[in-house]
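Peer 1:
Protein chains in written order, with this note's numbering: chain V, 308 to 633; chain F, 2 to 515.
Listed below in structure tokens is the structure:
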């Protein structure tokens with residue numbers, strides 16, 4: 308086989324997600340009353356980017372064959388924090404941004420430490436920490452409120468040169484600064500290796516623990532970036548339990564749509580970003596076709612169920628039934 | 002060998018696991034530029050020896066010297082640093098990563114803190130070429146490669162670490178004949194480049210073609226070392242025999258019972274692990290499965306028990322063809338089959354649950370009426386079993402994980418006996434349990450057979466097969482190679498057929514290396 312075919316095979320999941328997104332977005336904008344305008348794109352981008360950040364966070368953990376059910380709550384907690392701290396003069400705002408991102412890092416590192424050193428299953432550990440993070444969020448914002456540095460917010464949610472949504476540019480920068488170095492680092496590869504076959508990775512002398520810890524920590528950071536952007540869009544902080552949970556669930560759907568294997572070791576955050584954008588667009592299709600918004604949660608639930616079911620197809624190929632349980 | 006200083010030496014190496022001694026004052030000398038074959042039957046200490054060399058296991062005593070100075074290895078990485086690289090039987094490749102990723106996995110080339118993909122590609126291509134596997138694309142994912150190709154990647158991965166001593170543990174077992182020929186070329190070239198190669202294989206013809214020197218292990222000791230080609234196959238088998246007899250077996254019935262055939266297989270094949278197996282077991286008979294470890298014995302038992310999908314051939318119960326779709330189907334109704342698994346911790350018991358619960362699991366359907374468990378009936382049956390097997394437990398309501406290994410194994414067996422099975426499959430049931438319990442199990446097996454059960458018994462212990470079985474079928478490469486009965490059932494015959502030696506006096510070791 309030729310080199311390019313292997314390259315293509317490596318990117319198949321990402322390309323498929325990109326394809327789904329393009330098709331969905333074409334249907335969406337073709338049926339949108341306003342059509343394909345810079346405004347429509349900007350609104351869609353701003354909504355999609357939030358889920359994209361959270362989905363990137365989820366990807367990092369899923370690659371290690373884990374799952375992070377606290378991403379939505381880190382997203383909510385950092386939103387509440389930002390509504391207190393990302394205000395005032397330029398310097399104060401900069402400090403606030405750093406504090407919010409630092410909080411995300413700590414939340415992620417705590418998840419990782421519990422899973423790796425406490426040897427708890429990721430699903431249980433992150434349900435518990437997620438509850439704690441939400442509790443903290445509620446203490447910070449018992450009722451919705453607060454504010455944000457509006458100059459910064461408007462700059463990051465507006466448009467560059469009148470057409471390019473600034474939030475998409477921000478997403479691109481984060482991909483280049485966080486995801487690309489991670490995926491090409493030795494520890495990033497260790498995270499993949501641990502997710503694919505932890506014993507083989509151990510036998511090969513791969514730094515499994517450090518790789519996984521880095522993945523969980525960066526997941527916290529990405530969820531916090533999402534929380535920060537939520538604040539920029541809404542100008543407030545809100546400890547919204549339902550919304551936090553929805554983001555966690557949707558991030559799993561986005562990851563699966565993006566070609567990331569829930570069994571670990573396979574997939575890319577770029578795929579998950581397109582998965583997130585596609586998932587958002589599918590949800591919004593209901594609006595342009597004038598369905599009752601009441602149907603939206605059911606519709607999204609069905610998409611999530613279909614998406615995660617796709618991951619189980621590999622089991623049909625297993626010939627020794629004992630391998631089902633490995 | 003010819004007067005050159007040894008590259009690596011092991012002296013007085015001992016290692017015990019619990020009460021079992023795996024190595025007892027073992028010695029080994031490795032010389033640069035030669036291929037050294039290590040022979041021995043199952044459990045002779047070969048794999049422990051390699052693990053000590055490769056830094057996986059720390060020896061209890063003894064010393065190792067490399068280039069004349071003493072060394073100790075705290076981890077596989079430390080052994081790698083010293084230039085000792087081992088290709089283990091269990092593959093250490095990561096399925097979702099590419100071939101190139103795998104080859105450089107323990108020490109990827111870096112540039113500005115990130116993995117340098119160009120350099121990585123170059124290293125991988127060089128290593129693959131050196132291993133004679135340039136047909137494998139460095140970007141291919143390991144999981145998409147067939148087993149034989151993966152084995153070649155494993156060899157390339159070892160070579161990329163620039164070893165001085167390369168250990169191959171059954172490294173050719175998964176390879177096709179064409180690949181074996183290629184690997185042999187590579188190994189011979191490495192020898193001429195001055196590497197020391199340690200070659201462990203059960204295939205006598207491979208050793209004959211490759212080795213310069215052979216060492217035979219028995220009972221954790223090196224019992225003979227000789228230049229390859231100086232001993233006949235028969236002499237080698239004699240050297241491998243000599244396990245110390247310490248078991249007492251119940252007497253076998255004088256002649257084979259003429260009862261009806263209960264379990265029969267006709268031309269059973271599965272994937273590339275089972276090859277056209279036909280066998281039959283009569284009521285009251287204990288039939289052994291012998292051969293080297295991993296020749297398809299486990300898969301055969303799993304095939305009967307309905308675990309494998311895509312099985313070809315026929316299984317007959319009481320002379321009638323049946324299709325067994327699951328363990329539930331196998332254990333229920335008129336089939337009445339039970340499988341005593343090898344790994345009792347994962348496949349046999351639920352360790353945190355109580356002895357009582359574990360005992361009842363397989364028989365709950367027989368103990369319940371309309372879905373409700375009949376407690377009194379359960380208690381009666383459990384009492385019977387605890388008495389029959391003499392299970393030593395502080396009570397029925399303690400976790401089964403708190404019992405000794407031997408008693409845990411008895412619980413696994415008792416659990417299946419609660420169903421009064423007619424066909425009992427045993428997968429190496431005495432591994433890792435004490436001698437006393439072993440003897441009780443031998444007695445029990447004979448008692449069950451006398452009561453009319455048909456028993457198929459896989460064991461890695463040849464002694465046990467000889468002592469317990471009416472007949473032994475020897476498997477090699479997934480096929481039944483030989484059936485040993487009565488006086489023909491000797492350790493010599495078992496080992497010779499396990500190694501698949503046909504001729505009685507073939508000289509081994511006529512490699513062209515002079």
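The beta-carbon is built from N, C-alpha and C at its ideal position, and this holds for glycine as well. Computed from a prediction, not measured in an experiment: that's the story for all the values here.
Assuming the contact rule is C-beta atoms closer than 8 Å, residue 50(F) and residue 29(F) should be a hit. Round their C-beta distance to whole Å, please.
Peer 2: Going by Cβ atoms, the distance from residue 50(F) to residue 29(F) rounds to 7 Å, so yes, they are a contact pair.
Peer 1: Using 8 Å as the limit for Cβ to Cβ distance, is residue 340(V) near chain F?
Peer 2: Cβ-Cβ to chain F under 8 Å: no for residue 340(V).
Peer 1: For residue 45(F), tell me which candidate among 201(F), 442(F), 277(F) has the shortest Cα-Cα distance.
Peer 2: When each option's Cα is compared against that of residue 45(F), the closest is 201(F).
Peer 1: What's the call for residue 430(F), buried or exposed, on a 16-neighbour Cβ count within 10 Å?
Peer 2: Result: buried.
Peer 1: Please tell me whether residue 36(F) and residue 188(F) are closer than 8 Å, where the distance is taken between their beta carbons.
Peer 2: Going by C-beta atoms, residue 36(F) is nearer than 8 Å to residue 188(F).
Peer 1: Determine whether the beta carbon atoms of residue 287(F) and residue 488(F) lie at a separation below 8 Å.
Peer 2: In this structure, residue 488(F) does not lie closer than 8 Å to residue 287(F) by Cβ.
Peer 1: Listed in chain order, which residues of the segment 470 to 499 of chain V have Cβ atoms closer than 8 Å to some Cβ of chain F?
Peer 2: Within the segment 470 to 499 of chain V, the qualifying residues are 488, 491, 492, 493, 496, 499.
Peer 1: With a threshold of 8 Å between beta-carbons, can residue 599(V) be considered close to chain F, or not?
Peer 2: Chain F contact via Cβ: absent.
Peer 1: Can you grab the Cα-Cα spacing for the pair residue 378(V) / residue 418(V), in whole Å?
Peer 2: Roughly 10 Å separates the two Cα atoms.
Peer 1: Determine, using beta carbons only, whether residue 324(V) comes closer than 8 Å to chain F.
Peer 2: Output row for residue 324(V): interface = no.
Peer 1: Just tell me which of 409(F), 60(F), 401(F), 280(F) has its CA closest to the CA of residue 302(F).
Peer 2: It is 280(F).
Peer 1: Distance, Cα to Cα, residue 177(F) vs residue 149(F)?
Peer 2: Computed Cα separation, rounded: 6 Å.
Peer 1: Could you give the residue range of the alpha helix (DSSP H) that holds residue 197(F)?
Peer 2: Careful: residue 197(F) lies outside any alpha helix (DSSP H), inside the beta strand (DSSP E) at 197 to 201.
Peer 1: DSSP state of residue 516(F), grouped into three classes?
Peer 2: Residue 516(F) cannot be examined here, being either before or after the span of chain F that is shown, 2 to 515.
Peer 1: Decide yes or no for the touch test of the segment 317 to 328 of chain V against the segment 443 to 462 of chain V: beta carbon pairs closer than 8 Å, at least 3 of them.
Peer 2: The segment 317 to 328 of chain V vs the segment 443 to 462 of chain V: no contact.
Peer 1: Please work out which residues of its chain come closer than 8 Å, Cβ to Cβ, to residue 508(V), disregarding the five sequence neighbours upstream and downstream, and give them in chain order.
Peer 2: Here the set comprises 497, 500, 501, 515.
Peer 1: Compare the C-beta of residue 516(V) against all C-beta atoms of chain F and say whether one is closer than 8 Å.
Peer 2: Taking Cβ atoms only, chain F never reaches closer than 8 Å to residue 516(V), which makes this a no.
Peer 1: Considering Cα atoms alone, identify which of 290(F), 180(F), 462(F), 479(F) is closest to residue 439(F).
Peer 2: If we check each option's Cα against that of residue 439(F), 462(F) comes out closest.
Peer 1: Report the rounded CA-to-CA distance for residue 88(F) versus residue 94(F), giving the unit in angstroms.
Peer 2: Looking at the two C-alpha atoms, the distance is approximately 11 Å.
Peer 1: Would you call residue 425(V) buried or exposed, if buried means 16 or more other Cβ atoms sit within 10 Å of its Cβ?
Peer 2: It is exposed - the Cβ of residue 425(V) has fewer than 16 other Cβ atoms within 10 Å.
Peer 1: Quick check: what's the CA-CA separation for residue 32(F) versus residue 457(F)?
Peer 2: So the two alpha carbons sit approximately 45 Å from each other.
Peer 1: Please report the straight-line C-alpha distance between residue 548(V) and residue 441(V), rounded to a whole angstrom.
Peer 2: Their backbone Cα atoms lie some 7 Å apart in a straight line.
Peer 1: Can you tell me which of 589(V), 454(V), 423(V) puts its alpha carbon nearest to the alpha carbon of residue 373(V)?
Peer 2: The residue with the shortest Cα to Cα distance from residue 373(V) is 423(V).
Peer 1: Should the segment 583 to 602 of chain V be called in touch with the segment 382 to 389 of chain V, which here means at least 3 C-beta pairs below 8 Å?
Peer 2: The segment 583 to 602 of chain V is not in contact with the segment 382 to 389 of chain V.
Peer 1: Can you give me the C-alpha to C-alpha distance between residue 408(F) and residue 415(F), rounded to a whole angstrom?
Peer 2: Rounded to the nearest angstrom, the two C-alpha atoms are 10 Å apart.
Peer 1: So which residues of chain F does residue 587(V) contact, with C-beta pairs closer than 7 Å?
Peer 2: The premise fails here: residue 587(V) is roughly 28 Å from chain F at the closest Cβ pair, so nothing lies under 7 Å.
Peer 1: Give a yes or no on whether 8 Å exceeds the smallest Cβ distance from residue 319(V) to chain F.
Peer 2: No, no contact with chain F.
Peer 1: Does the beta-carbon of residue 473(V) have 16 or more other beta-carbons within 10 angstroms, so that it is buried, or is it exposed?
Peer 2: When all chains shown are included, residue 473(V) counts as buried.
Peer 1: So, with DSSP's three-state summary, where would you put residue 223(F)?
Peer 2: Three-state DSSP puts residue 223(F) in a strand.
Peer 1: So the candidates are 133(F), 231(F), 173(F), 479(F); which of them puts its Cα closest to the Cα of residue 157(F)?
Peer 2: Answer by Cα proximity: 133(F).
Peer 1: Is the beta carbon of residue 357(F) less than 8 Å from the beta carbon of residue 397(F)?
Peer 2: Yes, Cβ-Cβ distance for residue 357(F) and residue 397(F) is below 8 Å.
Peer 1: For residue 573(V), which of helix, strand or coil comes out of DSSP?
Peer 2: In the structure shown, residue 573(V) sits in coil (DSSP, three-state: anything other than H, G, I, E or B).
Peer 1: Does residue 308(F) come within less than 8 Å of chain V when only Cβ atoms are used?
Peer 2: Closer than 8 Å: yes.
Peer 1: Measuring CB to CB, does residue 101(F) end up less than 8 Å from residue 125(F)?
Peer 2: In contact: residue 101(F) and residue 125(F) (Cβ atoms closer than 8 Å).
Peer 1: Among 358(V), 542(V), 597(V), whose alpha-carbon lies nearest the alpha-carbon of residue 461(V)?
Peer 2: Ranking the options by Cα distance to residue 461(V), first place goes to 542(V).
Peer 1: To the nearest angstrom, report how far apart residue 517(V) and residue 386(F) are at their CA atoms.
Peer 2: Straight-line Cα distance between these residues: approximately 49 Å.
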